[in-house]
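Engineer: Just so it is clear: in the sequence shown, position 76 is 187 by this note's numbering, and no numbers are missing.
Could you have a look at this structure, given as structure tokens, before my questions?
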Amino acid sequence: MPLPYSAIVMEHFRNPRNVGRIEDADAKGVEGSPACGDMVAVYLKVDPETHVITDIKFESYGCASNIATGSIITELAKGKTIEEAKKLTWKDASEALGGLPPIKVHCSVLAIDGLRAAIENYEEKHGLVKERKPTTVELVKKRLKRVVNPVVGLDIVRSNLVKDVEVKDGVVRVVLDLPEDHQFAAAIREDIVDKLEPRWDVKEVIVEFTE
Numbered sequence: 112m113p114l115p116y117s118a119i120v121m122e123h124f125r126n127p128r129n130v131g132r133i134e135d136a137d138a139k140g141v142e143g144s145p146a147c148g149d150m151v152a153v154y155l156k157v158d159p160e161t162h163v164i165t166d167i168k169f170e171s172y173g174c175a176s177n178i179a180t181g182s183i184i185t186e187l188a189k190g191k192t193i194e195e196a197k198k199l200t201w202k203d204a205s206e207a208l209g210g211l212p213p214i215k216v217h218c219s220v221l222a223i224d225g226l227r228a229a230i231e232n233y234e235e236k237h238g239l240v241k242e243r244k245p246t247t248v249e250l251v252k253k254r255l256k257r258v259v260n261p262v263v264g265l266d267i268v269r270s271n272l273v274k275d276v277e278v279k280d281g282v283v284r285v286v287l288d289l290p291e292d293h294q295f296a297a298a299i300r301e302d303i304v305d306k307l308e309p310r311w312d313v314k315e316v317i318v319e320f321t322e
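Structure (structure tokens):
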């Protein structure tokens, strides 16, 4: 039976470009969850003067489409300014790969979301956000919708894992309905901190668990 992937997809799956991590990355974006089957992490090095992406790498956990889209997105973004890279879409990734099976289109969306999350992370760290909106409970909950609960495969807000959110004097406190010794507790905590800590007005992120 023939494989449902183009020759370009298979080439990027077998020989992914820019795979790995950048230890001294200027920014990082993570979308998805390895426990749910699909995840991509994107690392950026950006020229501080020109805002050109000089280096980009990715780590992927998932199927051939997930790896191939991570690979092609890094190729498309390298050498572009962050403003140019922000305009890349999942359709650009899919077309560059010669198309994806309909059931695998979400992989290109995940790769683009990872790239955009990394760019957003860079902009927040370097004060490039055009409108510096204050961090509110509503904004925190919106960010938490990008943190996956691996137990059920939904975000931690929709899966009712978030018991309480407080924002006061630059300190964000998130209370989760999950024991601290749960197998996914540490990963979820790290993901929450990654999503909130770069905010310009956040001094500390505290994640608490139920007993």
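Every residue, glycine too, gets a C-beta built ideally from N, C-alpha and C.
1) Taking the continuous beta strand (DSSP E) assigned at Ile133, which residues delimit it?
2) From Lys168, Tyr154 and Leu250, pick the residue whose C-alpha is nearest to that of Ile303; which is it?
3) State the start and end residues of the unbroken beta strand (DSSP E) segment that holds Glu319.
4) By how many angstroms is the C-alpha of Val163 removed from the C-alpha of Gly181?
5) Hey, Val273 and Leu287: beta-carbon distance below 8 Å or not?
6) If I measure Cβ to Cβ from Arg243 and keep anything under 7 Å in the same chain, skipping five residues before and after, which residues do I get?
7) Would Arg257 be called buried (16 or more neighbouring beta carbons within 10 Å of its own) or exposed?
8) Closest to Glu142 by C-alpha separation, out of Ile230, Ala118, Ala188 and Gly210, would be which residue?
9) State whether the region 204 to 211 contacts the region 164 to 171, with contact taken as three or more CB pairs (one from each stretch) at a distance under 8 Å.
10) Which first and last residues belong to the alpha helix (DSSP H) in which Arg300 is found?
11) Assess contact between the region 290 to 297 and the region 178 to 192, defined as three or more Cβ pairs (one per stretch) separated by less than 8 Å. Is contact present?
12) With DSSP collapsed to three states, give me the class of Arg125.
13) Express the C-alpha separation of Gly238 and Val216 in angstroms, rounding to a whole number.
14) On a CA-only basis, which of Asp149, Arg125 and Ile119 is nearest Val259? Give me that one, please.
15) For Val316 and Glu308, which I take to be in contact (beta-carbon distance under 8 Å), what is that distance rounded to the nearest angstrom?
16) Is the beta carbon of Ala138 less than 8 Å from the beta carbon of Lys241?
17) Would you call Arg300 buried or exposed, if buried means 16 or more other Cβ atoms sit within 10 Å of its Cβ?
18) Is Val313 near Val283, with beta carbons less than 8 Å apart?
19) Does DSSP classify Lys244 as helix, strand or coil?
20) Tell me where the beta strand (DSSP E) around Ser171 begins and ends.
21) Would you kindly check if the distance between the Cβ of Gly264 and the Cβ of Gly140 is under 8 Å?
Structural biologist: The answer reads as follows:
1) Residue mapping note: residue 133 aligns to position 22 of the sequence shown, counting from 1. Neither: Ile133 is in no beta strand (DSSP E) and is coded neither H nor E.
2) On the sequence shown, residue 303 is found 192 positions in, with the first residue counted as 1. Of Lys168, Tyr154 and Leu250, the residue nearest in Cα terms is Leu250.
3) The residue labelled residue 319 in the question sits at position 208 within the sequence shown. It spans Glu315 to Thr321 - the beta strand (DSSP E) in which Glu319 sits, taken as one unbroken run.
4) Against the sequence shown, residue 181 aligns to sequence position 70. Against the sequence shown, residue 163 aligns to sequence position 52. Approximately 19 Å between the Cα atoms of the pair.
5) As a first step, residue 273 must be located in the sequence shown, where it is residue number 162. As a first step, residue 287 must be located in the sequence shown, where it is residue number 176. Yes, the pair counts as a contact, with Cβ atoms nearer than the cut-off.
6) On the sequence shown, residue 243 is found 132 positions in, with the first residue counted as 1. Answer for Arg243: Trp311, listed in chain order.
7) As a working mapping, residue 257 is identified with position 146 in the sequence shown. The residue in question, Arg257, is buried, as its Cβ has 16 or more Cβ neighbours within 10 Å.
8) Locating residue 142 in the sequence shown gives position 31, counting from the first residue. For Glu142, the nearest C-alpha among the options comes from Ile230.
9) no
10) Position 189 of the sequence shown holds residue 300. Per DSSP, Arg300 belongs to the alpha helix (DSSP H) from Ala296 to Leu307.
11) no
12) Taking the first residue of the sequence shown as position 1, residue 125 is located at position 14. DSSP places Arg125 in helix when its eight states are reduced to three.
13) The count along the sequence shown starts at 1 and reaches residue 216 at position 105. The count along the sequence shown starts at 1 and reaches residue 238 at position 127. Cα-Cα distance, rounded: 33 Å.
14) For the purposes of this step, residue 259 is taken as residue 148 along the sequence shown, with counting starting at 1. When each option's Cα is compared against that of Val259, the closest is Asp149.
15) Taking the first residue of the sequence shown as 1, we reach residue 316 at position 205. Taking the first residue of the sequence shown as 1, we reach residue 308 at position 197. Confirmed, Cβ separation roughly 5 Å.
16) Along the sequence shown, one-based indexing puts residue 138 at 27. Along the sequence shown, one-based indexing puts residue 241 at 130. For Ala138 and Lys241, no; Cβs fall outside 8 Å.
17) Your numbering for residue 300 matches position 189 in the sequence shown. The residue in question, Arg300, is buried, as its Cβ has 16 or more Cβ neighbours within 10 Å.
18) Within the sequence shown, residue 313 is the residue found at index 202, counting from 1. Within the sequence shown, residue 283 is the residue found at index 172, counting from 1. Cβ distance < 8 Å, so Val313 and Val283 count as in contact.
19) In the sequence shown, residue 244 corresponds to position 133, counting from 1. Here Lys244 sits in coil by DSSP.
20) In the sequence shown, residue 171 corresponds to position 60, counting from 1. Ser171 -> beta strand (DSSP E) spans Ile164 to Tyr172.
21) Position 29 of the sequence shown, counted from the first residue, corresponds to residue 140. Position 153 of the sequence shown, counted from the first residue, corresponds to residue 264. Not closer than 8 Å, so no.
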